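**Q** Numbering of the sequence shown is given in the numbering used here, commencing with residue 8 and proceeding in unit increments.
Sharing a structure below in structure tokens format, with a few things to ask.
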Amino acid sequence: MNKKVSLTLEDGSKVEGISFGKFTSVSGEVVFNTGMVGYPEALTDPSYKGQILVLTYPLIGNYGVPKNVFEQGISTVFESDKVQVSGLVIANYSKQYFHFAAEKSLSKWLIEQNIPAMYAVDTRELTKKIREKGAMLGKMECGKKTRFIDPNKKNLVTQVSIGAPKEYGSGRKKVIVVDTGMKNNSIISLIKRGIKVKRVPWDYDFSNERCAGVLLGNGPGDARLLKPLIKNVRAYMKRNKPLFGICLGNQILSLAAGGTIYKMKYGHRSQNQPCIIEGTKRCYITTQNHGYSIKENTIPKDYDVWFRNANDNTVEGIKHKKKPFSTVQFHPEAYPGPVDTEWLFDEFVKKL
């Protein structure tokens, strides 16, 4: 028997669908992703914490969910240890699945993870509404009523950051990775380049710790709420040692340097975002998942715009003119998506 679920947006509009996840009610910010594949990686990306994810690709679930594979204690299949979205909305769900690595269906996985999901929804129409009106709060209800909750008013990073420092790899050079919701493949990208990684909680004071460099990772929510981290980054920058920021890390470094950020209308969440190196005609296709961006007119004078989005002209990365500080708003480690910009890890490692 098909169980009905409804999704109500804060503008009062409502759509109904059929449940294929946990039959429970949730609230969150409704956002969309236009990727064709990569739903296991997207659903486990901590940057989606507090959000109800709408997938625009019309058929989801046809290759199931793979068995988890670990390397040096890190999953190489998923981007974290659990599903991070608050809820999932799709057009058509494939109950039958096939892939040589598949272990279970998407429905079974979501039920195990206590995540509600619904299908038989016109996700493209829903996406048009979000694109025109901007990201909105929403609530998925299955009988039991719930209220609208704005996740961006919370420090979501506290829910996805590691609880205590942990080390990976055995390289000669050590990089401190600040976990604000770090994707597993960012850590793997450093390990496979011979780097010893020390993963630390978001509020850990690394400013005077001995290391070759620091990587600020991705994560959910509003970077302006992370005042202890911004303070630690600002103190670390006085040492003039290598610093690289990805996604939320891009915003953290910008705030630490004196810039400001703003909430975008509906953000960038896809695997096909074109980014151009400023001052060149070189364009890279990138994976992105963010709802905030750097306000260009607040970028400090000792920084240059490094990357720019070819679609909407927003800043996608900055670079210090003299010091080894650089950031990108996209994900060079990809997963899911193209690895066109993986060379950015090589550039960071060369500075160590």
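Cβ coordinates follow ideal geometry from the N, Cα and C atoms, glycine included.
Predicted, not measured: the structure shown is a model, and the values here were computed from it.
Just to check my reading of the structure: GLU323 and GLN336 have Cβ atoms closer than 8 Å, yes? What is that Cβ distance to the nearest angstrom?
**A** Counted from its first residue, the sequence shown places residue 323 at position 316. Counted from its first residue, the sequence shown places residue 336 at position 329. About 4 Å; that satisfies the 8 Å criterion.
**Q** Among all the DSSP beta bridges, which residues are the ones paired with GLN295?
**A** Looking up residue 295 in the sequence shown gives position 288. In the DSSP output, where bridge partners are listed per residue, GLN295 has SER277.
**Q** So, helix, strand or coil for GLN166, using DSSP?
**A** Here residue 166 corresponds to residue number 159 of the sequence shown, with the count starting at 1. Residue state, collapsed to three classes: helix.
**Q** Using the C-alpha atoms, what's the distance from PHE85 back to GLN91?
**A** Position 84 of the sequence shown, counted from the start, is the residue given in the question as residue 91. Position 78 of the sequence shown, counted from the start, is the residue given in the question as residue 85. Approximately 11 Å between the Cα atoms of the pair.
**Q** Please name the residue or residues paired with GLU78 in a DSSP beta bridge.
**A** Taking the first residue of the sequence shown as position 1, residue 78 is located at position 71. DSSP lists ILE81 as partners of GLU78.
**Q** Measure the C-alpha to C-alpha separation of SER13 and ASN318 and round it to an integer number of angstroms.
**A** Here residue 13 corresponds to residue number 6 of the sequence shown, with the count starting at 1. Here residue 318 corresponds to residue number 311 of the sequence shown, with the count starting at 1. Cα to Cα, SER13 sits roughly 33 Å from ASN318.
**Q** Over the uninterrupted beta strand (DSSP E) stretch that includes GLU48, give me the two end residues.
**A** By 1-based counting over the sequence shown, the position of residue 48 is 41. First-last for GLU48: 46-50, but that is the alpha helix (DSSP H), not the beta strand (DSSP E).
**Q** Are ALA400 and LYS180 touching if we call contact CB-CB under 7 Å?
**A** Any property of residue 400 remains undetermined from this structure, which presents the chain solely from 8 to 359.
**Q** So is TRP350 buried or exposed if we call it buried at 16+ other beta carbons inside 10 Å?
**A** Against the sequence shown, residue 350 aligns to sequence position 343. Exposed is the call here.
**Q** Can you say whether TYR175 is buried or exposed, counting buried as having 16 or more other CB atoms within 10 angstroms of its CB?
**A** Residue numbering aside, residue 175 sits at position 168 when the sequence shown is read from its first letter. Per the 10 Å Cβ criterion, buried.
**Q** Which word fits GLN103, buried or exposed, when buried means at least 16 other C-beta atoms lie within 10 angstroms of its C-beta?
**A** Counting from one through the sequence shown, the residue named residue 103 turns up at place 96. By the 10 Å Cβ count, GLN103 comes out exposed.
**Q** Are GLU209 and SER261 touching if we call contact CB-CB under 7 Å?
**A** As a first step, residue 209 is located in the sequence shown; it is residue number 202 there, counting from the start. As a first step, residue 261 is located in the sequence shown; it is residue number 254 there, counting from the start. Rather than Glu, the amino acid found at residue 209 in this sequence is Trp. Cβ atoms of TRP209 and SER261: not closer than 7 Å.
**Q** In angstroms with no decimal places, state the Cα-to-Cα distance between ASP212 and GLY228.
**A** Residue numbering aside, residue 212 sits at position 205 when the sequence shown is read from its first letter. Residue numbering aside, residue 228 sits at position 221 when the sequence shown is read from its first letter. Near 21 Å, if we compare the C-alpha coordinates of GLY228 and ASP212.
**Q** Please classify GLU354: does DSSP put it in a helix, a strand, or coil?
**A** Counted from its first residue, the sequence shown places residue 354 at position 347. The answer is helix: DSSP assigns GLU354 an H, G or I state.
**Q** When you compare the segment 329-343 with the segment 288-296, are there three or more beta-carbon pairs, one atom per stretch, that lie closer than 8 Å?
**A** Yes, they touch.
**Q** When we look at the beta-carbon of HIS327 and count the other beta-carbons within 10 Å, is it buried (16 or more) or exposed?
**A** In the sequence shown, residue 327 corresponds to position 320, counting from 1. Buried, by the Cβ-count rule.
**Q** Apart from the five residues on each side of it in sequence, which residues of its chain come closer than 8 Å, Cβ to Cβ, to LYS302?
**A** Taking the sequence shown and counting its residues from 1, the one referred to as residue 302 is at position 295. If we look at LYS302 and ignore the five residues flanking it on each side, its Cβ neighbours are GLY266, THR267, ILE268, TYR269.
**Q** Should ARG315 be labelled buried (16 or more other beta-carbon atoms within 10 Å of its own) or exposed?
**A** Within the sequence shown, residue 315 is the residue found at index 308, counting from 1. Label assigned to ARG315: buried.
**Q** What did DSSP end up calling LEU359 once you bin it into helix, strand or coil?
**A** By 1-based counting over the sequence shown, the position of residue 359 is 352. DSSP places LEU359 in coil when its eight states are reduced to three.
**Q** Determine the closest residue to LYS146 out of SER34, GLY80, VAL61, with distance taken between C-alpha atoms.
**A** As a first step, residue 146 is located in the sequence shown; it is residue number 139 there, counting from the start. For the residues SER34, GLY80, VAL61, the minimum Cα distance to LYS146 belongs to SER34.
**Q** Given a threshold of 16 other Cβ atoms within 10 Å of its Cβ, counted over all protein chains shown, does PHE107 qualify as buried or as exposed?
**A** As a first step, residue 107 must be located in the sequence shown, where it is residue number 100. The residue in question, PHE107, is exposed, as its Cβ has fewer than 16 Cβ neighbours within 10 Å.
**Q** Only counting the same chain, and skipping five residues up and downstream in sequence, which positions put a Cβ closer than 6 Å to that of GLU148?
**A** Locating residue 148 in the sequence shown gives position 141, where the first residue counts as 1. These residues qualify, in order along the chain: SER13, SER32.
**Q** What residue range does the beta strand (DSSP E) around THR15 cover?
**A** Against the sequence shown, residue 15 aligns to sequence position 8. First-last of the beta strand (DSSP E) with THR15: 11-16.
**Q** Suppose you measure from the CA of GLY224 to the CA of LYS190; what does that come to, to the nearest Å?
**A** Residue numbering aside, residue 224 sits at position 217 when the sequence shown is read from its first letter. Residue numbering aside, residue 190 sits at position 183 when the sequence shown is read from its first letter. Looking at the two C-alpha atoms, the distance is approximately 8 Å.
**Q** Where does THR51 land, buried or exposed, given buried means 16+ other C-beta within 10 angstroms?
**A** Taking the sequence shown and counting its residues from 1, one reaches residue 51 at position 44. Classification for THR51: buried.
**Q** When DSSP labels each residue in this structure, what does GLU237 get in the three-state scheme?
**A** Within the sequence shown, residue 237 is the residue found at index 230, counting from 1. Residue identity differs from the one stated: residue 237 is Ile in this sequence, not Glu. It is helical.
**Q** Can you find the residues in the same chain that come closer than 8 Å, C-beta to C-beta, to LYS151, ignoring five residues on each side of it along the sequence?
**A** Indexing the sequence shown from 1 puts residue 151 at position 144. Around LYS151: THR31, SER32.
**Q** Could you tell me the distance, in whole angstroms, from the CA atom of GLY170 to the CA atom of LYS135?
**A** Taking the sequence shown and counting its residues from 1, the one referred to as residue 170 is at position 163. Taking the sequence shown and counting its residues from 1, the one referred to as residue 135 is at position 128. Near 39 Å, if we compare the C-alpha coordinates of LYS135 and GLY170.
**Q** Of the choices LYS21, HIS297, ILE122, whose alpha-carbon is the least far from that of GLN280?
**A** Counted from its first residue, the sequence shown places residue 280 at position 273. Of the listed residues, the one whose Cα sits closest to GLN280 is HIS297.
**Q** Can you give the beta carbon distance from TYR243 to LEU233, rounded, assuming they're within the 8 Å contact cut?
**A** For this step, residue 243 is matched to residue 236 along the sequence shown. For this step, residue 233 is matched to residue 226 along the sequence shown. Not a contact, Cβ separation roughly 14 Å.
**Q** Would you mind stating whether GLY57 and PRO123 have Cβ atoms separated by less than 7 Å?
**A** In the sequence shown, the residue the question calls residue 57 occupies position 50. In the sequence shown, the residue the question calls residue 123 occupies position 116. No, these two residues do not count as a Cβ contact at 7 Å.
**Q** By how many angstroms is the C-alpha of GLY274 removed from the C-alpha of ALA230?
**A** Locating residue 230 in the sequence shown gives position 223, where the first residue counts as 1. Locating residue 274 in the sequence shown gives position 267, where the first residue counts as 1. Approximately 15 Å between the Cα atoms of the pair.
**Q** Starting from GLU349, follow the beta strand (DSSP E) in both directions and report where the run begins and ends.
**A** Numbered from 1 along the sequence shown, position 342 holds the residue referred to as residue 349. Taken as a continuous stretch (DSSP letters only), GLU349 belongs to no beta strand (DSSP E), as it is neither H nor E.
**Q** Can you list, in chain order, the residues of its chain with a C-beta nearer than 7 Å to that of GLY201? Leave out the 5 residues immediately preceding and following it.
**A** Walking along the sequence shown from the start, residue 201 turns up at place 194. Excluding residues within five positions, the ones whose Cβ falls inside 7 Å are GLY178.
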